[in-house]
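Heads up: the protein sequence lines correspond to chains A and B, in order. If you want my numbering, it's the 1-based position in the first sequence plus 381. If you want my numbering, it's the 1-based position in the second sequence plus 111. Yeah, the Cβ is synthetic: ideal placement off N, Cα and C, and Gly gets one too. Accompanying notes for the structure given below.
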Amino acid sequence: MRDSDALENNPHVSRSALEAIHGQVYGWALSRCDFDHATAEDLMQQAYVELLSGSARFDNKSTLKTFVFAVVQNLARSRFRRVSSRLRLVKQYAEESVTDAVEPAANDEVWRAVRALPARQRDIIELVFCRELTVEQAAAVMGVATGTGRVHYDRAKKALRSRLQDWAEET
Amino acid sequence: MQDSQDTLRDAVEDAFRGAAGHRQPSFDRLWRKAEQKHRNSRRRYRWFAGTAATAAAVVIALSLQTPADQDAYIEIAELLESTYWSAPSDVLLPDREFDIYQDLPVLFESTEPAEGALL
């Protein structure tokens, strides 16, 4: 069924449905680019362009939210692959080191524990705990098998509990 | 167990919320920008496609075009004027198209026997 505000090149996607998940997708985009708001806005805008043009075509096989999260993830991957190869070139020709992305202001113990997780564990924890996806949906967004997703999820929870427990005992 | 899971979830959620800050761009603003970008790229694509199609049409038209007064068959005289074939042995002749048979000896019928045979 086609919504009244469905996109011309993406009949299963409507503007209002995208607006409803905008906040969560923005949070995901933000964590994709190390909490740099300008880059996150750029990513979101590009994701919307992909949906408008039909380059990213939603076929109703998953939820719209999972699909848009995966679009953002893929855009971020391809963008940072380009950026990192440029950075490698810069490092090769200049002796001074290139500074890392800006560290967010939050520096409490939980945040440090989350940041210490391997990337995939951090991603799945974010998707399940903060973006309200199931482990299956999160695995689909990350492009891994559901079983692999579960393993990352369990290990992440275990690692977080252990770190926070250590911290609680120290204080 | 569920309590501990919920506590962990809340703590992680708070940590992410703190890291993200409160700044969030409005959907309308980003959507408008995306629409504008999409429109511009579509316009550019149309312009390129139009130009390419026109150029292709011109090239095809020029290649298909033949002069109206041109005959469909070959004029032998024109062909002979425009082509020249020379055999490898021609270079041995003193002049081009030299008639090598111009001084053919005239043979007369013999009526005189010579050594038992007619010449």
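Chain-ordered neighbours of residue i on chain B, where CB pairs are closer than 8 Å
i: S434 (chain A); result: H149, S152 and R153
i: V491 (chain A); result: A122, V123, D125 and A126
i: I506 (chain A); result: V123
i: V495 (chain A); result: V123, A126 and F127
Pairwise C-alpha distance: residue j and residue i
i: S397 (chain A); j: L388 (chain A); result: 10 Å
i: Q116 (chain B); j: R154 (chain B); result: 52 Å
i: I505 (chain A); j: Q147 (chain B); result: 34 Å
i: A168 (chain B); j: E431 (chain A); result: 32 Å
i: V123 (chain B); j: L508 (chain A); result: 11 Å
i: S443 (chain A); j: R503 (chain A); result: 23 Å
i: A482 (chain A); j: A164 (chain B); result: A caution first: A482 (chain A) carries a pLDDT of 48, below 50, which makes its placement in the model unreliable, though a value can still be read off. Computed Cα separation, rounded: 46 Å.
i: G132 (chain B); j: D125 (chain B); result: 11 Å
i: D139 (chain B); j: Q546 (chain A); result: 43 Å
i: I402 (chain A); j: E550 (chain A); result: 39 Å
i: Y429 (chain A); j: L119 (chain B); result: 33 Å
i: L204 (chain B); j: D210 (chain B); result: 9 Å
i: R462 (chain A); j: W158 (chain B); result: 31 Å
i: D386 (chain A); j: W548 (chain A); result: 50 Å
i: Y156 (chain B); j: V495 (chain A); result: 44 Å
8 Å CB neighbourhood of residue i in its chain, flanking five on each side removed
i: N441 (chain A); result: H393
i: L498 (chain A); result: I506, A537, A540 and L541
i: L445 (chain A); result: H393, V394, A398, L399, I402 and F439
Residue i - containing beta strand (DSSP E), residue span
i: V217 (chain B); result: Segment: none, V217 (chain B) is in no beta strand (DSSP E) and carries neither H nor E.
i: H149 (chain B); result: Looking at the DSSP string, H149 (chain B) is not in any beta strand (DSSP E); the run it does join, the alpha helix (DSSP H), is F138 to L175.
Neighbourhood of residue i by C-beta, 7 Å cutoff - its chain only, sequence neighbours within 5 removed
i: A526 (chain A); result: A520
i: C414 (chain A); result: T420, A421, L424 and A457
i: P485 (chain A); result: Unreliable positioning characterises P485 (chain A) in this predicted model, as indicated by a pLDDT of 47, which lies under 50. The coordinate reading is nonetheless provided below. Excluding sequence neighbours, P485 (chain A) sits near F416.
i: L433 (chain A); result: L388 and N390
i: W409 (chain A); result: F450, V453 and R512
i: R128 (chain B); result: none
Neighbouring residues, chain A, relative to residue i (Cβ below 7 Å)
i: F138 (chain B); result: E400 and H403
i: Q135 (chain B); result: G404 and Y407
Chain-ordered chain A contacts of residue i [CB-CB under 9 Å]
i: G161 (chain B); result: Under the 9 Å cutoff, chain A gives no residues; its nearest Cβ is about 18 Å from G161 (chain B).
Nonlocal neighbours in the same chain, by C-beta distance under 6 Å from residue i, ignoring five residues either side
i: Q405 (chain A); result: R512
Alpha helix (DSSP H) segment containing residue i, residue limits
i: S334 (chain A); result: Any property of residue 334 (chain A) remains undetermined from this structure, which presents chain A solely from 382 to 552.
i: E422 (chain A); result: H418 to S434
i: S193 (chain B); result: I187 to S193
i: E551 (chain A); result: T527 to E551
Proximal chain A residues relative to residue i, where beta-carbon distance stays under 8 Å
i: E186 (chain B); result: Residues of chain A passing the Cβ test: none, with the nearest at roughly 59 Å.
Under 7 Å from the C-beta of residue i: neighbouring residues of chain B
i: L411 (chain A); result: A131
i: C511 (chain A); result: V123, E124 and F127
Report task. Name, going along the chain, the residues of the stretch 427-460 of chain A whose beta-carbon falls closer than 7 Å to a beta-carbon of chain B. Result -> Y429, V430, L433 and S434
Query raised in the report: What residues from the stretch 526-542 of chain A come within 8 Å of chain B, judged by C-beta to C-beta, listed N to C?
Result: K538, L541 and R542
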